[in-house]
Every structure is written in structure tokens, then in C-alpha cells.
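Colleague:
4 protein chains.
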Amino acid sequence: MVYIIKVDKFGKDVKKGTAMIKAGIIGATGYAGAELVRLLSAHKEVEIVWYGSRSYIEKNYADIYRNMFEIVEAACLDDNMEELAERADVIFTATPQGYLASVLNDAILEKARIVDLSADYRMKDVSVYEVWYGITHASPRYLDEAVYGLCEINRDKIRAARLVANPGCYTTCSILTAYPLVRAGLIDPDTLIVDAKSGTSGAGRGAKTANLFCEVNENIKAYGVTTHRHTPEIEEQLGYAAGRKITVTFTPHLVPMNRGILVTAYAALQRKADGSLPTARELRAAYLACYQKETFIRVLPEGVCPETRWVEGSNYVDLNFAVEQRSGRVIMMGALDNLVKGAAGQAVQNMNLMFGLPETEGLSLVPVFP
Amino acid sequence: MVYIIKVDKFGKDVKKGTAMIKAGIIGATGYAGAELVRLLSAHKEVEIVWYGSRSYIEKNYADIYRNMFEIVEAACLDDNMEELAERADVIFTATPQGYLASVLNDAILEKARIVDLSADYRMKDVSVYEVWYGITHASPRYLDEAVYGLCEINRDKIRAARLVANPGCYTTCSILTAYPLVRAGLIDPDTLIVDAKSGTSGAGRGAKTANLFCEVNENIKAYGVTTHRHTPEIEEQLGYAAGRKITVTFTPHLVPMNRGILVTAYAALQRKADGSLPTARELRAAYLACYQKETFIRVLPEGVCPETRWVEGSNYVDLNFAVEQRSGRVIMMGALDNLVKGAAGQAVQNMNLMFGLPETEGLSLVPVFP
Amino acid sequence: MVYIIKVDKFGKDVKKGTAMIKAGIIGATGYAGAELVRLLSAHKEVEIVWYGSRSYIEKNYADIYRNMFEIVEAACLDDNMEELAERADVIFTATPQGYLASVLNDAILEKARIVDLSADYRMKDVSVYEVWYGITHASPRYLDEAVYGLCEINRDKIRAARLVANPGCYTTCSILTAYPLVRAGLIDPDTLIVDAKSGTSGAGRGAKTANLFCEVNENIKAYGVTTHRHTPEIEEQLGYAAGRKITVTFTPHLVPMNRGILVTAYAALQRKADGSLPTARELRAAYLACYQKETFIRVLPEGVCPETRWVEGSNYVDLNFAVEQRSGRVIMMGALDNLVKGAAGQAVQNMNLMFGLPETEGLSLVPVFP
Amino acid sequence: MVYIIKVDKFGKDVKKGTAMIKAGIIGATGYAGAELVRLLSAHKEVEIVWYGSRSYIEKNYADIYRNMFEIVEAACLDDNMEELAERADVIFTATPQGYLASVLNDAILEKARIVDLSADYRMKDVSVYEVWYGITHASPRYLDEAVYGLCEINRDKIRAARLVANPGCYTTCSILTAYPLVRAGLIDPDTLIVDAKSGTSGAGRGAKTANLFCEVNENIKAYGVTTHRHTPEIEEQLGYAAGRKITVTFTPHLVPMNRGILVTAYAALQRKADGSLPTARELRAAYLACYQKETFIRVLPEGVCPETRWVEGSNYVDLNFAVEQRSGRVIMMGALDNLVKGAAGQAVQNMNLMFGLPETEGLSLVPVFP
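The following block contains the structure:
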């Protein structure tokens, strides 16, 4: 029998039985899973009923993440999706690539909504998935149904979805940064180059020498050059905005900080019929047309560059751009917290949409600085 | 005319006019002041009506702290306490030592409650203040009235107070760490040695070479050895617990991280009449007797050492201890976030008590990790 | 009377009177100046006779940089170039832009060789300097004589020079990274985009809020987008390699680490007459043709990305590249220590060349890791 | 066939055949082993003939530590001490506890000198070793012969030794910090409390979750409280200075930085016959009496606290103290680089002594800052 409750030390059982949505997490002890726990434990409409973690079965969750001591009082469970679907209204899978595809079936989907934080259902073309990820997709039959969970772009489809593919961290930042200019035809999408920089939590909590403190600290490096798996995801989504297939150069870098992704994207401005370049004012209008009403996207004042510190701990994406007349290029910049808008925050935003809650519920997170 | 409002991008004015408490902050652009803004802007019973900052008068607050872009839309004001007292129900002074003492008067105290984050009213003996701080106290007549705002210890007095002296960051951590054993007579308080380690936000936002990134990063140092101003504050409060004057050795250190204070405190165990040492079980009982019902104090399981990462961004204090039979000593340890429980969080906790709100209102902050 | 000597605690005066070259440093208390002190104090042919620092006149150098305690025993002097030229064989100016131009004259140049770490003599076209730096050049008459001190490219001219313009940190890394492919015509130089990331020592030791630990730590940002002053320097030098004027997009970023610059550069490969792209093998051959015999440039094995940690503390530049067939682009990468090969190390390398010493003298620095 | 050579890119074989001492390293791919490689590769009297690493046999050393690319061209070998003793004049064992004890024999000791960086021969009392380390000592018969390699204290014995036990990192710093006052009888050694803070390289290069970047960064914690294995080593050595057995409280902490140890040590001053406390002047005299002639120990000017940044990359130990009249205590402070004076640097210093070289040979390392 699962016993899950948020304990109030003054004696009240805060949420037991009153929460609208029962949520389960598979992969609750990775960094993205733990961020889900942080956000959902403070979400007033949610009760977490399953802390799935194959590595720590029967261990107290708060012994693994001691920040949750006296907040979460539950033991970790295995990753039994069948049983979980019986108990939960929504399942978050913060699992390695291939896991969800290997266990998904109709019975599960009929019982619970799924927000998948892995890449299994992000790309419509199964061959692209199989080439870039090097694994065979075990249940491509759900690809059509799956909705790509970039809320600001696919909001309506998400509302009706049973299976949402939560976008990658780099992907969210890259797409949102370039989307308005691609959609408006203001840049040549085939000249798009995305130079991305990520904090180290993006590398996960696995015990690898390369991610030890002394290896990451006082260092910066590119990695996965020309081969990073978020590339085809960016290409597919921005291709929809462009109305055709496009090719993007994407280079990720590892930065000695815990959280945050900064994207610096470069593209040639699309000349108009008269040979002139679009102006900064036109570009800004394109950004505002897309994002002015978005709570979680902040188009910064002119001349202000996005910085990861200003979004840390929150679901915000900060965006801006600079026009370079000399070269006819635009430099687009975007910053987000890879664990929030780049993972768990966006997953909660998707859940809110799927369950008809206010989209910002549980996500009114003021960025923590310093 | 002040125009202060928390803007919701979907069109609603979230708190205007409905909030119970109008709050003003003097010193809103220092790190502690900014943390007050972060906490109060999410506090459902509070509206901030005054962002005081002598250095940035008329500048938009969100241009200085860009994390608050689209959250706070207000310009900074000066530090006119008289006018502020007219408008606000509570005033937080996150100001240099001596400021509040120099401006405080009866008229102000009759109109608004004050939570002072400076040291002006922390110590009852004005001569101790003047020796350690090297300045003359401009209004010692309020020293008697002022209540030392360590909520877990002075809760009842705080409820009735007009003027609360919010404790220092090192002080809060040091006192709470040693208090149960001093009070229970289980250690000899004159053997108490407090070795404290602080993140760099404790050094403030002033532009000093010593606090540049390259000077602090990859370094650890002690400073203020034998002379740090939090020493007499610790001695006075633990002296109350001991029932007599005590002398404490206190050494602070600067650690290359943003937030967090860790206290490692050493003391000789007090032998019993039969010559035996108190047991770990007795010590633990003393801690639990003091803190078991406290929401913000977590006495960790046996053998688990407090770490600053587990409390970051929250109002928690994590505590534990280890008995060393060989030496007859106990090593006590405490961790907190210097900007939350060590400053702004405790200030809000004090405000909650003063205004009859639930003590945890606006402070249900899940620690952010990593 | 100046008293300068490297003291050996066992009683010997290590270098007094025996060193071949007397060196003076103007700006010895900035980070680049201090690195010059570190390198020159261990250089067996050099005696430092002048620690110039307008901010710290008459202060002991080792009181400002305590790493030099018992190594350097000398007080700081002012920036009197005339007097210094009488005493020194070589003068290093690690000074703000415009300083050297304002004081340089024939008398000085006849007495002492100069290695200028500022930008005053880096660009041949005075109008480019004046536009990008926003100041009037006070002595453009020496621009013709000045030699651009990028040793691997201008070695022979440097040997004969009286006045060497030591390249900027970003510039050294950017040029060396792209030079072989530009010179060999393997990329289209007008498509060149340089995305550079720097440690914070590059921002200098001035007391600015923006460079405080808590502002830089846990953050990454772009700055000087489209306007950074190293841009025209890169364009001029790579223009020589291309045989024509070129336009480069250059974006610097600030990384939370002390030392290191990483350049990630993007360019379209130049198709051959038959429409095919150059191969990775051809690109590698171009790199090796330029650098195989260079001690300080390491072309890494295929597939290995440069990382700043592997060059820290040394005069090395690590280089590599990756071909992206899908886009027809090449991603070039370079890493160096901004204070060594990006400043003081290259200055010493220039001095070695100017004085006929082995180019590696005093620069056999094994990178320090971790 | 072993092929080991330091390659000069201009064509000369720098040291082949000319170096006086052939050195082998067992455990060359840990952080301490790698620091030995850094120091020995620049030591003019040494040729490294054996890069032992059980984990990386037959891998190129420079593929594991890329800072050594083009500096070290050799493959890793196993840990065959017998064969190594045939080839090397000196063997450094940077190995887990128990390794050397399990393989040492007379034949090896007759052929090669040994500097052991593990704890196997640090303590004379085998039962103390076995209790604190929890393993049986496999060859205690060499304990008598082994010399404790704290150079400044045991210099003469080291010169004649075949087997030197290189002290631990915490130990070196703790002992050197307190030694002068213990020896001079100016403090009560049984009141000694050592609060030590270490950079993360001290935790080794093993792939453990606890040492990942995101776990160490933005955190400070105590660990091994009352149980750390360096405790008995400190007690034994300071006991010799005190002339009797003493008990010390020792608490280590993990700091988010790569290198450096800071010790803050507390003790009660020993009152004189007339009841007065020793003066700061007397304490300073005690420090100078011990260390004035030591190249690697810097007693800082009055009032200046040691900081790890000032010794990074060097073999220095910086020391100072402050007297607290109020409590009758002294606060002693020491800083060193845990990988240099705390491990590899001291090992080289020991080797220099054992082979009759100048003690500073290869150790004239100017601290690297920032």
C-alpha cells in the first residue's frame, strides 16, 4: 500500500485526498525527475502517488534528495507502468531513450495521460529517430498521436492530447529563440547556426568521470559537434515554421554551472524584394507578435542580452536579438533554466493544459538570484 | 505618485488593492533587499509599495534585477522613512549599520511596524554595539523595546513587537545550532568555538576588488578573525540560554558559492555528577525538545551532516551533531541559506508573526537543487 | 633607488646582475601584468626592474599579489616611461587603450624595445581604431613600424621589431583557429562566424558590480554583441590570409571560470571547381601545414574537441575542427589560456624573438590540471 | 619495450639518457599521480620510465590527461613493482591504502627507493592503522624503517631513507600549522581542534555521484566527522612535538574548488607560571624559529590570513595566527595546495632529499593566480 502525503509539522495533512490530479513519475531520482518532484510537491492541484526509480527501489526518496526531507515522505517504487496507470491520472516519464516506447500500450493510454520527457515521441519520422539515436523504435504506432509539447506553439493540440512529447532542453531554447524570425520569413533558415551553452545538470546524475566537479569546473568545451541528438528535433519544428525542410548547424557546450541554457543563434537576414534588409524594428515586431501575450516568454528591452542567472529556478525564457548591418546577419539569443522550462516546468505546463488548469498553475516561480 | 502593481500578462491585476499588508523596503537593491522582493512579490497577503534604493533612485527596479522583469514594474525611491511610514504597514530596513538608529522616531513607530535587517537593535547593551561596530548609537532609547527576531526562540515577544531586530546570518545559524545543548546544560558554553563558512552573497553587492569573481573563485579564506561583529550577538543570545555571560570564539570564512552558511561548532560536553559524559541519545533529545515542532528547523537523521545545497532557496535550517568520545567533545553542525533564513526569509517570518498570519505564509519554499 | 632582487631563502641572490635582459612593466597590477610578473620572475634571462602601477605607487607588490610573497620584494612605481626606458631593455605596457599612444616618442623607442599589450598599435588603419575604440590616436606615426605580434604568423618581422603590438586574447584564439583554412582557401571567409567564450580574468581587476562573484557565478551571457573591439583586429589579420578585406561576425561570452578562451567558429566550406566539398583530410593537412612545427600549437587528434582545462597555465593553443556534410560547413575550435597565450605568455614569446633567445625560453609551462 | 621520451617539437630529444634519476609511478592516472607527472616531466634530473595505471593499461597517457598531449608520449603500464624496481631508481606509489603493504619486499627495497603517497607506512603503531583504516597491514615489518616524509621536520632522516611515507594532504597542513606552538609548549595540545577545508581534487578521480559537479558546486559540507583517517596521523606527529600522546579533534569539509586546503586550528594558550598568557610576539617568534629558513613555508605578515589562492600550483604553505585575548585562545591558519605540498610536490621534495639534489629542484613553482 502506497502511503504518500505532504506533512505539515503543525499537524495538518495538507493535501491528502483533496488534490484533483494524481501524478506518477518514472525516473524520479534523475535531475529532471527531482525537479518534477520539487514543482509538483508545491502544485496545489497535484498529489504525487508514485516516485519511480529503478536504482533506488524501497529507499526513502528524501534520503536521496535531502532537500525533500520532511517534505516528501515516501519510498521509491519500481517502474511498473501498468500498475502506475491504475493509480495515476498522469504519468511523467523522465527515463532513458527507448524506455517509454518499449512499454507503452493502449491499456496504459486509456487510463492515464502521459508526458514523456524522453525523445521517444518527439519526431514524427521514425527513421530520423532511429538514425540519430541508434536504437529501434519499439512502438512507432503512437507517433501520429503524440503531440510535441512546446506549449507556446502547440497549445491547442496539447489540450486534447493523451501523449505529449516534452521537448528537449536545448530544443526548447533553440526553437523559441529562432521561431518568430523563421515563421515571418525574416531570416534564411538554411543559414541558421545555433551555438548553445548548457549548465551541467543537463548531463544527468549518472556517475561518470567526465562530469566530476574537477573535470567540469574551470573548463568549457564543445561536445557532440555535428552529432547532437537535439539537432533533428530543432530542424523538424523550425521546418514547420519555415514551411519546408531545413538544415541547421547545432553545437552544444558544457559550462561550469548547475543550471541554465544560453542559445546564441546566427542567421542571414532575408533581403526584401528591393534588396534592403529587414530592420530591427521589424524583427522586434515579429517577436512581439508571437510572444507578447505569453507569460513565460520575456522579450527583453532593446540592447539587453539574455543571461541564464535571470531565469534560474523559473519557467521563463528570456529572448532578444541584435542586427549586424555589416554582415547582414542577426544574432538571436535565448536563455532558460534547463530543468524548468527545459524539462520539468514545461512538463507541468503541459499537464496544466491537458487537465484544463490555468497554464501557470504551480509555475509562478520568481527567478532566484543570486 | 507611486504606481506599484504585480502584472499578470493575461490581463488581471493580481493583488492591487486586495492585499492586507502594504510593505516598504529601504535598501531594496542589495542582495538581502532583493531577496525580500523575491519573497514578498510571491506573498499573497503583501503588496510592496516602496522599493527604496538611494543608489538607484528613479531607475526601474527590473533594470537592476532583471530576474524581476515583467514581475515588478516600479521605479526605485529614496529612503524617506517619514513618508514611507505614512504609506506602509511594515517597513523592512536592509540598510548599513547606523542608518535606522539615525532616523527612527516615535512618529514612525506609531504608524508602521519595523523589521530591521541591520544590527542597530540586536544587542541590548549599547556599549557592546559601539565597541564592536565603532559607531555611536544615535537612538539607544529604543533598545529596550526592540525584540530580537529569532522566531523559534522569541516567538511570543515578536507577535507583540513594533520594532524587530532581525538577526544576522551567521548569528541565526550559530545560535540555532548550539542553543539546545547550551540551554540543557549539556555543554560547557565557555568552550564553544564556532567555525562558520559563508557563500559570497553575504559580502553584499558593493563593487569591491576583494569580491570579484576571480578573487573569490577557487579560494577559501578566514576573515575578521577574533573581530567579526556577529560575535557579541551570538554571545548575548547564547548567554540567555546559559543563564550567564559567556565568551565564544567565532571565525567566519568566505566560500566560492553564492548562497549558504555552514556552521561547525565545537564544545566540551559537560560531565555529569558521576563523571560520565552525556550520551548521543540525550543530546538528540535536547535538540528534539526544542525543535521537533518547528516547521523551519530540520534535525537530520543520525549520521547525516547538514549541507548548504539541501536548504538553498528555502527558509530551512538543517541541524545535526556528532559526539567524539575520545576528546569528550561534541561537534554541532547547522546549514541555512544566508539570504532566506539568514535574512529575508526570517524577516518575512517575523512579519507574519507581527501581523497574525500563519508563520509559514509565503515561506513554503521547496529547496532548489541542484 | 630601486632595490629589486629575487631572494633565495638559503642565502643566494639568484639573478642579481647576471640576467641578460632588464624588463619593466607598466600596469603590473592588472591580471595580465601580474601574469607577466609570474612568467618573468621564473625566466632565467630576465630581471624585472620596474613594477609600474599608478594605483599602488610605493605599495609592496607582494601586498597586492600575495602569491608573490617572498618571491618579489619590490615596491610599485609610477608609469614614467622616459625614466623606465633608461633602465630597461624591454618595456611591457599592460595599460588601458590610448596610454602608450599618448606617451610614445622616438627617444623611448631608441632606448628600449616595447611589447604593448593594449590595442594601440594592433590595427594599421587608424580610422578603424578610432571608430571601434572611440578615441583619437595620439601617435599614429608609429603604426607603420609596429609589428603585429602573433608569433606563429609574423615570426620574422617580430625578430627585427622595436615595437610589437601584442594581439588581444580573443583575437589570438580566433585567428589561429581559422587561419589555416582561410589561407588555404578552403572556407568562404565572409561566412565566418566566431562564437567565443572567455573566463572572467579577461574582464580585468577593476572593481565593477558586473564582475562580482555572485553576478558571474552560475551565469553565462553574451556581451558586446556586434560591437566588440576585437572584431576589426580579427578581420584585418584574417583578411591578410584571405588576400582581401573580409567581414566577420564575432560574439564574446562570459563564462564562470577564471581562465581560458574557447572559440567555436563556423564557416561554409568552399566548394571546388567540380562542386565537391573539401574533405576532412584536406582540412587537416592545411592545419598541419601551418602548425606541425609549432611548439605552442597542438592540433588535436581527430574527434577530440579542445577544452580550456587542458591548456590552463600554459602557452598552448589547442585546435581542431569537424566537417558537417549535411550543411556544407566546418566547425573550427580553439582553446587557450587568455592570460598566457592570450596575453603575457605571447608577450614573453615576442620578447624572446626580439632578443634572439629560444622562442620557448621561460614558456615550458606544463598545463595545470585540475 | 618501453618507449619514453620528452619530445621537443624542434627535433631534440630533451632528456633521453641524460637524466640522473629514473622514476616510476604506480597510480599515474589519479589526480595525485597526474600531478607527479606534471612536476617530474619538468624536473631536469628526472626521466619518468613507468606510467603505471591498472585502469588504463596500454592506453596513451595523453589520451587520459590531454594537458600532457605532445609532452608525454607513453602508454600506461600495469603495477608490476618487481619489474619496475629493475628499471627505476625511485618508485612513487600513488595507490589505494593497502597496496604497497601487500607487494613490498626486500628485493624491491634493495633496488629502488620508494616514496609512498598512501597511508601504509605513515603510522608507527600498526594497530592504530588497522583500527582507523579497517584493513590488516600486510607487511608491518617495514614500519620501523619507514620515515615520515614531512620534509621540514624530518629532513635528515629522509636523506638516508629507502622508504618514505609521504604525509596526507590534510595532515601536512594541520601539522605544519600547529607544530611550532605545540613544540614550544605555548598551547595546550589537548585543546587542539582542527577545522579543515579542502578542494575537491582531494576526493580523487573515481566516478562517484557524490563528487559530480552539480553535487559539489554551490555546496559546503563537513564529512568524516570524528572518523577521518588523517586524525591519528596528526595526533602521532604532533604528539612527538608535545613529547606525549595527545588527542585532537579533526573535521574535514568539502569546498567547491579544485585545489587547496585551508586549516583553521583552535587551541587554548598555555598560561605561564605567573598566570599570564603568551603574547603574539612570543608566538610569532616560535613560528619563525621553526620556519624562517624554510623555502616552502611562508609565515605571513601580522594580520594577513592565509588563502588557498595564493599558493595554488606551488609547493608553498602559508601560515599565520591570531591571538584572542577574550577567550585565551589562539586561532592558527595554514593554506597549501593539496596536490603539491599536500601530495606530489612534497613527494618530489622527498625524492630530492633522498638523492642529494637541492631540495627545491623542480619545485620553484610560482603560484598561479587567478
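Chains E, R, U and W, in that order, are what the protein sequence lines are.
Take the first sequence: its letter number 301 is residue 301 in this note's numbering, and every next letter is one higher.
Take the second sequence: its letter number 328 is residue 328 in this note's numbering, and every next letter is one higher.
Take the third sequence: its letter number 240 is residue 240 in this note's numbering, and every next letter is one higher.
Take the fourth sequence: its letter number 48 is residue 48 in this note's numbering, and every next letter is one higher.
Idealized CB from N, CA, C, for every residue including glycine.
With a threshold of 9 angstroms between beta-carbons, can residue 10 of chain W be considered close to chain E, or not?
Modeller: Indexing the fourth sequence from 1 puts residue 10 of chain W at position 10. Below a pLDDT of 50, predicted positions are generally treated as unreliable, and residue 10 of chain W, at 40, falls in that range; the measurement from the model is reported next regardless. Answer no: the Cβ-Cβ gap between residue 10 of chain W and chain E never drops below 9 angstroms.
Colleague: Can you give me the C-alpha to C-alpha distance between residue 55 of chain W and residue 215 of chain W, rounded to a whole angstrom?
Modeller: One-based indexing of the fourth sequence puts residue 55 of chain W at position 55. One-based indexing of the fourth sequence puts residue 215 of chain W at position 215. Between residue 55 of chain W and residue 215 of chain W, the C-alpha separation is close to 25 angstroms.
Colleague: What is the rounded straight-line gap between the Cα of residue 95 of chain W and the Cα of residue 366 of chain R?
Modeller: Start at 1 with the first residue of the fourth sequence, and residue 95 of chain W comes out as number 95. Start at 1 with the first residue of the second sequence, and residue 366 of chain R comes out as number 366. In a straight line, the C-alpha of residue 95 of chain W is about 42 angstroms away from that of residue 366 of chain R.
Colleague: Count the other CB atoms within 10 Å of the CB of residue 10 of chain W; is the residue buried (16 or more) or exposed (fewer)?
Modeller: Residue numbering aside, residue 10 of chain W sits at position 10 when the fourth sequence is read from its first letter. Reliability of the predicted coordinates at residue 10 of chain W is poor, the pLDDT of 40 falling under 50, and no value is obtained from them.
Colleague: If I measure Cβ to Cβ from residue 242 of chain W and keep anything under 6 angstroms in the same chain, skipping five residues before and after, which residues do I get?
Modeller: Stepping through the fourth sequence from its first residue, residue 242 of chain W is reached at position 242. For residue 242 of chain W, where only same-chain residues beyond five positions count, the Cβ hits under 6 angstroms are 182, 189.
Colleague: Just checking: is the beta-carbon of residue 256 of chain W within a distance shorter than 9 angstroms of some beta-carbon in chain R?
Modeller: Locating residue 256 of chain W in the fourth sequence gives position 256, where the first residue counts as 1. So yes, residue 256 of chain W belongs to the interface.
Colleague: Can you find at least 3 beta carbon pairs, one from the stretch 110-121 of chain E and one from the stretch 86-102 of chain E, that sit closer than 8 angstroms?
Modeller: The answer is yes - the stretch 86-102 of chain E touches the stretch 110-121 of chain E, with three or more Cβ pairs under 8 angstroms.
Colleague: Could you check what DSSP says for residue 318 of chain W in three-state terms: helix, strand or coil?
Modeller: Translated into the one-based positions of the fourth sequence, residue 318 of chain W becomes position 318. DSSP places residue 318 of chain W in strand when its eight states are reduced to three.
Colleague: Could you tell me the distance, in whole angstroms, from the CA atom of residue 36 of chain E to the CA atom of residue 345 of chain E?
Modeller: Working through the first sequence from its first residue, we reach residue 36 of chain E at position 36. Working through the first sequence from its first residue, we reach residue 345 of chain E at position 345. So the alpha carbons of these two residues sit roughly 7 angstroms apart.
Colleague: Can you name, in chain order, every residue of its own chain whose Cβ lies under 6 angstroms from the Cβ of residue 200 of chain R, other than the five neighbours on each side?
Modeller: By 1-based counting over the second sequence, the position of residue 200 of chain R is 200. Only 216 meet the Cβ criterion.
Colleague: What residue range does the alpha helix (DSSP H) around residue 157 of chain R cover?
Modeller: Sequence index remark: in the second sequence, residue 157 of chain R carries index 157 (1-based). Taken as a continuous stretch (DSSP letters only), the alpha helix (DSSP H) holding residue 157 of chain R covers 151-159.
Colleague: Which residues in the same chain have their Cβ closer than 6 angstroms to the Cβ of residue 236 of chain R, if we skip the five residues on either side of it in sequence?
Modeller: The residue given as residue 236 of chain R occupies position 236 in the second sequence. Taken in chain order, the residues that qualify are 123.
Colleague: Where are the beta strand (DSSP E) runs, 3 residues long or more, that stay fully inside the stretch 272-349 of chain W, in chain order?
Modeller: Runs of the beta strand (DSSP E) inside the stretch 272-349 of chain W: 297-299, 317-324, 329-336.
Colleague: Determine, using beta carbons only, whether residue 207 of chain R comes closer than 9 angstroms to chain U.
Modeller: Sequence index remark: in the second sequence, residue 207 of chain R carries index 207 (1-based). Cβ-Cβ to chain U under 9 angstroms: yes for residue 207 of chain R.
Colleague: According to DSSP, simplified to helix, strand and coil, what is residue 201 of chain U?
Modeller: For the purposes of this step, residue 201 of chain U is taken as residue 201 along the third sequence, with counting starting at 1. Here residue 201 of chain U sits in helix by DSSP.
Colleague: Could you tell me the alpha carbon to alpha carbon distance between residue 286 of chain W and residue 184 of chain W, rounded to whole angstroms?
Modeller: Taking the first residue of the fourth sequence as position 1, residue 286 of chain W is located at position 286. Taking the first residue of the fourth sequence as position 1, residue 184 of chain W is located at position 184. Going by the C-alpha atoms only, they are around 7 angstroms apart.
Colleague: Can you find a CB in chain U that lies within less than 9 angstroms of the CB of residue 370 of chain E?
Modeller: Locating residue 370 of chain E in the first sequence gives position 370, counting from the first residue. Yes, contact with chain U.
Colleague: Strictly by DSSP, which residues pair up with residue 264 of chain U?
Modeller: Looking up residue 264 of chain U in the third sequence gives position 264. Answer is U:195, U:333, bridged to residue 264 of chain U.
Colleague: Output needed in chain order: residues of the stretch 188-207 of chain U with a Cβ under 7 angstroms from some Cβ in chain E.
Modeller: Within the stretch 188-207 of chain U, the residues whose Cβ lies closer than 7 angstroms to some Cβ of chain E are 193, 195, 197, listed in chain order.
Colleague: Which chain W residues sit within Cβ distance under 7 angstroms of residue 281 of chain R?
Modeller: One-based indexing of the second sequence puts residue 281 of chain R at position 281. The contacting residues do not exist; residue 281 of chain R stays about 16 angstroms from chain W at best.
Colleague: Rank R:72, R:228, R:322 by C-alpha distance to the C-alpha of residue 267 of chain R and give the top, closest one.
Modeller: Within the second sequence, the letter at position 267 stands for residue 267 of chain R. Selected option, being the one with the closest Cα: R:322.
Colleague: Can we count residue 165 of chain E as close to the ligand FAD, meaning its CB is less than 8 angstroms from some heavy atom?
Modeller: For the ligand FAD, the structure offers nothing, since it holds no ligand at all.
Colleague: Can you find a C-beta in chain R that's less than 9 angstroms from the C-beta of residue 342 of chain E?
Modeller: In the first sequence, counting from the first residue as 1, residue 342 of chain E sits at position 342. So, not an interface residue.
Colleague: In or out: residue 349 of chain R buried (at least 16 other Cβ within 10 Å) or exposed?
Modeller: Along the second sequence, one-based indexing puts residue 349 of chain R at 349. Buried is the call here.
Colleague: So, with DSSP's three-state summary, where would you put residue 458 of chain E?
Modeller: Because chain E spans 1 through 370 in this model, residue 458 of chain E falls outside it and cannot be assessed.
Colleague: Tell me the DSSP secondary structure of residue 113 of chain W in three-state form.
Modeller: Looking up residue 113 of chain W in the fourth sequence gives position 113. Residue 113 of chain W: strand per DSSP, three-state reduction.
Colleague: Short of 6 angstroms in beta carbon distance, which residues of its chain neighbour residue 371 of chain R, apart from the five on each side in sequence? Order them along the chain.
Modeller: Only positions 1 to 370 of chain R appear in this structure, which leaves residue 371 of chain R out of reach.
Colleague: Which residues, in order along the stretch 115-139 of chain E, keep a beta-carbon less than 9 angstroms from a beta-carbon of chain U?
Modeller: Hits within the stretch: zero.
Colleague: Could you list the residues in the stretch 331-360 of chain R with a C-beta less than 7 angstroms from some C-beta on chain W, going in chain order?
Modeller: Flagged, chain order: 331, 333.
Colleague: DSSP has residue 254 of chain R in a bridge; who is on the other side?
Modeller: Numbered from 1 along the second sequence, position 254 holds the residue referred to as residue 254 of chain R. BP columns for residue 254 of chain R point to R:198, R:221.
Colleague: Leaving out five residues before and five after residue 62 of chain W in sequence, what residues of the same chain have Cβ atoms less than 6 angstroms from its Cβ?
Modeller: As a first step, residue 62 of chain W must be located in the fourth sequence, where it is residue number 62. Excluding residues within five positions, the ones whose Cβ falls inside 6 angstroms are 68, 69, 72.
Colleague: Using a beta-carbon distance below 9 angstroms, is residue 260 of chain E in contact with chain U?
Modeller: Residue numbering aside, residue 260 of chain E sits at position 260 when the first sequence is read from its first letter. Residue 260 of chain E counts as touching chain U.
Colleague: Is there contact here, the stretch 302-319 of chain E with the stretch 328-341 of chain E, by at least three beta-carbon pairs under 8 angstroms?
Modeller: Enough Cβ pairs lie closer than 8 angstroms, so yes.
Colleague: Grab me the residues of residue 309 of chain R's own chain with a C-beta within less than 6 angstroms of its C-beta, minus the 5 sequence neighbours each way, in chain order.
Modeller: By 1-based counting over the second sequence, the position of residue 309 of chain R is 309. The residues are 369.
Colleague: Determine which residues share a DSSP beta bridge with residue 50 of chain U and list them.
Modeller: Locating residue 50 of chain U in the third sequence gives position 50, counting from the first residue. DSSP lists U:24 as partners of residue 50 of chain U.
Colleague: When the distance is taken between beta carbons, is residue 132 of chain R closer than 9 angstroms to residue 231 of chain R?
Modeller: Position 231 of the second sequence, counted from the start, is the residue given in the question as residue 231 of chain R. Position 132 of the second sequence, counted from the start, is the residue given in the question as residue 132 of chain R. Cβ atoms of residue 231 of chain R and residue 132 of chain R: closer than 9 angstroms.
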